[in-house]
Ligand SMILES: NC(=O)c1ccc[n+]([C@@H]2O[C@H](COP(=O)([O-])OP(=O)(O)OC[C@H]3O[C@@H](n4cnc5c(N)ncnc54)[C@H](OP(=O)(O)O)[C@@H]3O)[C@@H](O)[C@H]2O)c1
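In this note's numbering, the protein residues as written are 831 to 1029.
Next comes the structure, spelled out in structure tokens:
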């Protein structure tokens, strides 16, 4: 399997557009994040596609500090980047990593998550596009999108802010269930906010 994020285009943002962006990973304590997403994002940095101020904000239920998340991601990179990474590369990468604990289940309140993300964005000097990578059980897709809507985190077409949500595979179990999922998502999101990924 190849990395799901190999270029900024794959996550729906042009290279120049990334400079004012924040990247959030829902499911940030999972296997996909450690083995594929963080290494892929690191490679974007190495190839100079990811400006140093762009934050990567991990989100999952279990409590962690920014520092413990950074330590785990350092181990992940050491295992998954062939040839390893330099101290300088890690210094830049670690500074962009943040972690916010939040539940994505039905009825979740994203108010505290939104406040933490806004604080990180102010600190990093970004405020344009948010890219959310749903690296979670597909059962959580709809409840997470619902919570984003309730927390006013889904900008409308006229807003200067943009949202791109990448839905990790499997996107439904078959044609009918994937169509049903698309229909449910379209109640909250416009098609240009939805990225269905396979890899
Ligand atoms: N791993 C791969 O290589 C791979 C390949 C293709 C597709 N996928 C798909 O990608 C998705 C993630 O896979 P994975 O292997 O990374 O799974 P995983 O290791 O089980 O990780 C799941 C992540 O979701 C979080 N999570 C679970 N319930 C949550 C909740 N209610 N609220 C917030 N966060 C929650 C978990 O953290 P907490 O327990 O801390 O909440 C964890 O970070 C799955 O749908 C899988 O089918 C994975």
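C-beta atoms are modelled at their ideal positions from N, C-alpha and C, and glycine is treated no differently.
- Counting only runs of at least 3 residues, the stretch 902–943 fully encloses the following beta strand (DSSP E) elements, listed from N- to C-terminal order: 927–931.
- By the rule of a C-beta closer than 7 Å to any heavy atom of ligand 1, the residues picked out are 831, 856, 857, 858, 859, 860, 861, 862, 863, 865, 866, 889, 890, 891, 892, 932, 933, 934, 935, 965, 966, 967, 968, 970, 998, 999, 1000.
- Across the structure, residue 920 and residue 1005 are spaced so that their CA atoms are roughly 42 Å apart.
- Annotation for residue 961: the continuous beta strand (DSSP E) segment containing it runs 959–964.
- Nearest to residue 888 by C-alpha distance, out of 911, 873, 926, is 926.
- Taken through DSSP and simplified to helix, strand or coil, residue 856 comes out as strand.
- Per DSSP, reduced to three states, the secondary structure at residue 1027 is coil, with no helix or strand assignment.
- CA-CA distance, residue 1025 to residue 918, rounds to 32 Å.
- Closest in C-alpha terms to residue 862, from the list 1020, 1014, 890, comes 890.
- Counting only residues of its own chain and dropping the five nearest sequence neighbours on each side, residue 869 has a CB closer than 8 Å to the CB of 833, 906, 907, 910, 911.
- DSSP places residue 994 inside the beta strand (DSSP E), whose first and last residues are 992–997.
- In summary, residue 939 is exposed, with fewer than 16 beta-carbon neighbours lying within 10 Å of its beta-carbon over all protein chains present.
- By the beta-carbon neighbour count (other beta carbons within 10 angstroms, threshold 16), residue 969 is exposed.
- For residue 978, the closest of 851, 877, 993 by C-alpha to C-alpha distance is 993.
- Put simply, the backbone Cα of residue 944 is about 7 Å away from that of residue 981.
- Annotation: residue 889 is outside any alpha helix (DSSP H); the continuous beta strand (DSSP E) that includes it extends over 886–890.
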